[in-house]
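Shown next, in structure tokens, is the structure this report addresses.
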């Protein structure tokens with residue numbers, strides 16, 4: 055009996071250790087920013103700072119899936135002083151200004167004096183975050199070192215490609231770097247592999263010498279780089295049109311679109327997506343509706359599921375034509391069959407209510423609330439908004 059008890063005890067301990075091993079997470083400091091920096095100096099470690107907001111979906115995904123990974127937790131808890139701040143609350147507001155945080159999540163590695171050593175933006179999976187942490191401790195890979203090399207005159211193509219990638223990953227604008235680099239290149243050399251790589255990844259200016267050269271020599275580029283040339287066109291035309299949209303000039307937008315089409319660019323799905331942004335900026339809901347119908351009924355793809363929620367919510371808020379609302383309802387229902395989410399189900403419920411299906415709307419909203427309540431890191435503010443809408447349906 056004693057031997058059996060010892061065996062059971064050993065198995066219990068193994069179970070407890072195994073369970074504990076699967077529940078480790080990054081330990082974030084609870085002190086002030088000043089205290090965190092002081093601790094970093096004392097322990098001679100860099101600070102890993104996670105910058106998030108309460109409404110940021112990718113931030114929540116990282117908190118749930120990456121920060122709770124055992125390997126990530128062990129690595130970051132041993133190598134860094136870890137801090138996390140909501141950039142819209144408390145000290146986060148001032149930190150957002152200090153470090154020019156505009157994209158979420160933003161991930162910083164900062165020394166004890168408050169200087170940025172390395173940075174990145176966007177949600178990262180476990181292996182990617184560990185690699186970022188390793189890069190932050192490698193003097194040759196940290197962003198700050200690259201800046202110094204560039205300032206000291208390094209214009210080697212291979213270095214420029216790495217520097218542009220680091221700058222882009224940091225959420226910083228690359229346009230001036232691209233422009234400056236190409237000013238050192240001869241026109242005939244633009245078709246070389248390093249220069250095309252930079253054009254493919256970072257070129258955005260439709261009026262640049264580089265893009266005009268590509269269009270004028272499109273056959274030569276396509277023969278050498280095939281479909282990759284379309285990637286350059288997609289980016290340049292998209293960015294150029296969006297800049298005009300942000301400027302709010304209707305005539306300029308239509309003229310630029312005409313130029314693009316005369317250049318032989320016939321990617322209709324992409325142009326329709328940009329049209330939606332344009333018509334939305336103009337509050338032209340009739341043309342917005344027509345473009346949406348063409349896009350979703352001619353070119354719908356599962357990758358458009360999240361776009362469907364945005365478009366269908368706009369229909370709910372701005373479109374009154376019942377036939378158009380019925381079409382939007384079908385789109386969001388198809389999206390929810392493939393990838394349901396509380397937000398998209400809420401959109402479906404609101405469209406149901408607006409099209410006169412009150413009882414179905416109530417059922418769907420209850421489904422949205424139940425789904426969010428099941429989330430481990432459920433969003434209480436979202437639940438309150440969903441419940442408020444439900445009460446409106448029931449009146």
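Residue numbers (my numbering): 55 to 449.
The beta carbon of each residue, even a glycine, is placed where N, CA and C say it ideally should be.
- The criterion of a C-beta distance shorter than 7 Å is satisfied by residue 405 and residue 383.
- Taking a C-beta distance under 7 Å as the contact criterion, residue 253 and residue 241 do not qualify as a contact pair.
- The beta-bridge partner set that DSSP reports for residue 361 is empty.
- In the three-state reduction of the DSSP assignment, residue 106 falls in the strand class, which pools E and B.
- The beta carbon of residue 238 sits closer than 8 Å to the beta carbons of 209 from its chain, once the five residues preceding and following it are set aside; these are given in chain order.
- Within the segment 255-339, complete alpha helix (DSSP H) segments of at least 4 residues are found at 263-270, 272-279, 282-301, 304-316, 322-335, given in chain order.
- DSSP, reduced to helix, strand and coil, places residue 196 outside both helices and strands of the structure shown, so it counts as coil.
- Residue 134 is bridged by DSSP to 100.
- Around residue 418, the same chain offers 399, 402, 403, 406 as residues with beta carbons nearer than 7 Å, after the five sequence neighbours per side are excluded.
- DSSP places residue 416 in the uninterrupted alpha helix (DSSP H) bounded by 412-428.
- With contact defined as three or more Cβ pairs closer than 8 Å, the segment 313-327 and the segment 343-359 are in contact.
- According to DSSP, residue 140 shares a beta bridge with 106.
- With a contact defined as Cβ atoms closer than 8 Å, residue 291 and residue 260 qualify at about 7 Å.
- For residue 379, the three-state secondary structure derived from DSSP is helix.
- In this structure, residue 214 sits away from residue 164, with a CB-CB distance that is not shorter than 7 Å.
- Annotation: the continuous alpha helix (DSSP H) that includes residue 222 extends over 211-223.
- Our two residues, residue 283 and residue 365, have alpha carbons roughly 30 Å apart in a direct line.
- The beta-carbon separation of residue 207 and residue 91, rounded to 33 Å, does not stay under the 8 Å limit for a contact.
- Check the Cα spacing between residue 375 and each of 408, 122, 393: the tightest is with 408.
- By the Cβ test, the segment 174-184 is in contact with the segment 117-133, since at least three Cβ pairs between them sit closer than 8 Å.
- The Cβ neighbour count for residue 159, taken over all protein chains shown within 10 Å, is at least 16; the residue is labelled buried.
- For residue 184, the enclosing alpha helix (DSSP H) begins and ends at 180-190.
- The beta-bridge partner set that DSSP reports for residue 161 consists of 104, 174.
- A check of alpha carbon separations from residue 232 across 389, 295, 218, 84 identifies 218 as the nearest.
- Residue 362 has its alpha-carbon roughly 12 Å from the corresponding atom of residue 391.
- Between residue 332 and residue 360, the CB-CB gap reaches or exceeds 7 Å.
- The distance from the Cβ of residue 275 to that of residue 245 is about 6 Å, consistent with a contact at the 8 Å cut-off.
- Here residue 430 is exposed. Its C-beta has fewer than 16 other C-beta atoms within 10 Å.
- The residue among 337, 447, 105 with its C-alpha nearest the C-alpha of residue 299 is 337.
- In the DSSP annotation of this structure, the continuous segment of the alpha helix (DSSP H) that includes residue 400 starts and ends at 396-408.
- In this structure, DSSP gives residue 207 a state outside helix and strand, which the three-state scheme calls coil.
- Excluding residues up to 5 positions away in sequence, 326 lie with their Cβ nearer than 7 Å to the Cβ of residue 348 in the same chain.
- At a Cβ-Cβ threshold of 7 Å, residue 137 and residue 83 count as neighbours.
- Counting along the chain, the unbroken alpha helix (DSSP H) around residue 439 starts and ends at 434-448.
- About 10 Å separates the CB atoms of residue 89 and residue 135; that is not less than 8 Å, and the two are not in contact.
- Ranked by Cα distance from residue 170, the first of 176, 147, 161 is 161.
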